[in-house]
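In my numbering, the protein residues as written are 170 to 455.
Backbone N, C-alpha and C fix where the C-beta goes; we use that ideal spot for every residue, glycine too.
Input: a single structure, listed below in structure tokens.
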Amino acid sequence: MILCIVGPTGVGKTKMSVELAKKYDAIIINCDAMQVYKGMNIGTAKVTEEEKEGVEHYLFDFVDPKINYTVFDYQKDARALLEKYKDRNIIFVGGTGLYLKAALFDYRFSLEEKSHRNYDHLSNEELLKKCLEKDKNCQIHVNNRKRLLRFLERENTEIVEPKPLYQALYIGLTTDRKKLYEIIDKRVEKMIQNGLVEEVRKFYDMNIHSKALETGIGYKELYKYFDGLCSLDEAIVDIQKNSRHYAKRQYTFFHHQLPVQWFQVNYEDFHATVEEVENYIETEKN
RNA sequence: GGAGGAAUAGCGAAGUGGUCAAACGCGGCAGACUGUAAAUCUGUUCCUUCGGGUUCCAUAGUUCGAAUCUAUGUUCCUCCA
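Now the structure itself:
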């Protein structure tokens, strides 16, 4: 049985995953783009040893933050585990919908190396024109240069809705927006109290400028602060804001890209929510 | 007490007689997504039964026409007493 615990940042996915893992004697596999990195603990709200409660956790804390780990890598790693532990119950937890989809659905990334063509001199309009020459159905927006470039580098441009490769149950955790934003704001404050600034400072002092540190929420903002571009307070407000925006994007992805069954989290009695989810799993098992 | 300045949509801020339901930014809401996804990008944001309706501190004016001009009032800021 494969379970996927999804939802926006801060809802309580980690806690739910451990509860369910204990109940179903499952292993837990991370599907969060940032929790894969070593040492990025506080800012990514990574599970602590204590929180793991003895449950086996995989794909957490194993990539050097200097390395640019991507969906492509994740797909390989996750599928290797899926194969290795195919006789066990597996629980995926994490907020990166694309990683999950790439692992469990028939997502095919082209194996060819990136083309070495240099498009730097082309404007977005020119890039779009090239994309349309390649495929007249190309829907990428002119302003999305990153995607246009990627599209031109791609071998196979034909994309069909990928079929599921593995049967899985998608369990979404949610709460009303206001409550979620409150949780997020508070959680960021707690991260700061728990030493986020020091954690990020270590990377900054090692002069690491990688994808992980420059795009990870909580990391990029503090880098700006260390660079003297803003005050600590401004950085904190930015972390909160970016986390809120991120949560919204997560909802959009999960709502539209995966067959998620949603559960309203009861924060006064988390066990009630766990039970509700368990009941759902029991009825879906057959 | 006296002299100036300011009041614009949730917030910040343009606009200084018509083309203004009002640029732009933020925030909010919604969406896209096949190798950076905690990324990148898009749409929308006074009300509406989509015919219209009500706005730019308030009231009264000037004008064919006002967010823009005048008067008075209210609130806030700076300076002089």
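Neighbourhood of residue i by C-beta distance below 7 Å, restricted to the same chain and skipping five residues each side
i      : result
Lys508 : This structure leaves residue 508 out entirely; the chain is present only between 170 and 455.
Glu368 : Asn210, Ile211 and Gly212
Leu317 : Asn293, Leu296, Leu297, Cys300 and Ile309
Asp256 : none
Lys207 : Asp230, Phe231, Val232, Asp233 and Pro234
Tyr254 : Ile196
Arg248 : Ala272
Buried or exposed (CB count within 10 angstroms, at least 16 for buried), residue i
i      : result
Pro234 : buried
Asn210 : buried
Phe231 : exposed
Val262 : buried
Tyr388 : buried
Asn448 : exposed
Met185 : buried
Gly223 : exposed
Thr217 : exposed
Met203 : buried
Tyr394 : buried
Leu280 : exposed
Asp407 : buried
Met360 : buried
Ala195 : buried
Ala404 : buried
Contacting residues, own chain, Cβ-Cβ under 8 Å from residue i (five flanking each side not counted)
i      : result
Ile377 : Pro234 and Lys235
Asn363 : Ile211
Asn199 : Val205, His226, Tyr227, Leu228, Phe229, Phe261, Val262 and Gly263
Val446 : Met185, Leu189, Ile340 and Phe432
Phe422 : Gly266 and Leu267
Close beta carbons around residue i, own chain, < 6 Å, minus the five adjacent residues each side
i      : result
Tyr193 : Asn258
Gly264 : Thr178, Asp201 and Gln419
Tyr350 : Arg413
Ile352 : Gly179
Gln409 : Asp354 and Val357
Gln244 : Ala271 and Ala272
Ile174 : Lys182, Met185, Ser186, Val262 and Ile340
Leu338 : Leu172 and Glu453
Phe372 : Leu382
Gly443 : According to the sequence displayed, residue 443 carries Val and not Gly. Glu188, listed in sequence order.
Leu436 : Residue identity differs from the one stated: residue 436 is Tyr in this sequence, not Leu. Cβ within range, chain order: n/a, list empty.
Asn306 : none
Phe278 : Phe241
Met170 : Asn258
Presumed contact (8 Å Cβ cut-off) between residue i and residue j, rounded CB distance
i      : j      : result
Ile260 : Ala190 : 5 Å
Val366 : Leu391 : 6 Å
Asp275 : Lys332 : 5 Å
Leu427 : Leu269 : 7 Å
Leu139 : Tyr288 : Because the chain is modelled from 170 through 455, residue 139 falls outside the range shown and cannot be assessed.
Ile386 : Asn411 : 5 Å
Bridge-paired residues (DSSP) for residue i
i      : result
Cys173 : Phe261 and Tyr339
Tyr415 : BP columns for Tyr415 are empty, so no partner.
Phe133 : Because the chain spans 170 through 455 in this model, residue 133 falls outside it and cannot be assessed.
Tyr227 : Ile198
Phe274 : Pro333
Tyr206 : Val232
*Answer yes if the region 326 to 343 comes into contact with the region 419 to 432, meaning at least three C-beta pairs across the two stretches below 8 Å, and no otherwise.*
Judged by Cβ distances under 8 Å, the region 419 to 432 makes contact with the region 326 to 343, as three or more pairs qualify.
*asked:* Under 8 Å, with one C-beta from each stretch per pair, do the region 411 to 419 and the region 287 to 307 reach the 3-pair mark?
replied: Contact between the region 411 to 419 and the region 287 to 307 is absent, because fewer than three Cβ pairs lie under 8 Å.
*Stretch-stretch touch, CB-based, cutoff 8 Å, three pairs: the region 387 to 402 with the region 235 to 248*: At 8 Å Cβ cutoff, the stretches do not touch.
*On the three-pair Cβ rule with 8 Å, is the region 315 to 334 touching the region 380 to 389?*
No, the region 315 to 334 does not touch the region 380 to 389.
*Quick one: any contact between the region 304 to 315 and the region 353 to 361, if contact means 3 or more CB pairs under 8 Å?*
Contact between the region 304 to 315 and the region 353 to 361 is absent, because fewer than three Cβ pairs lie under 8 Å.
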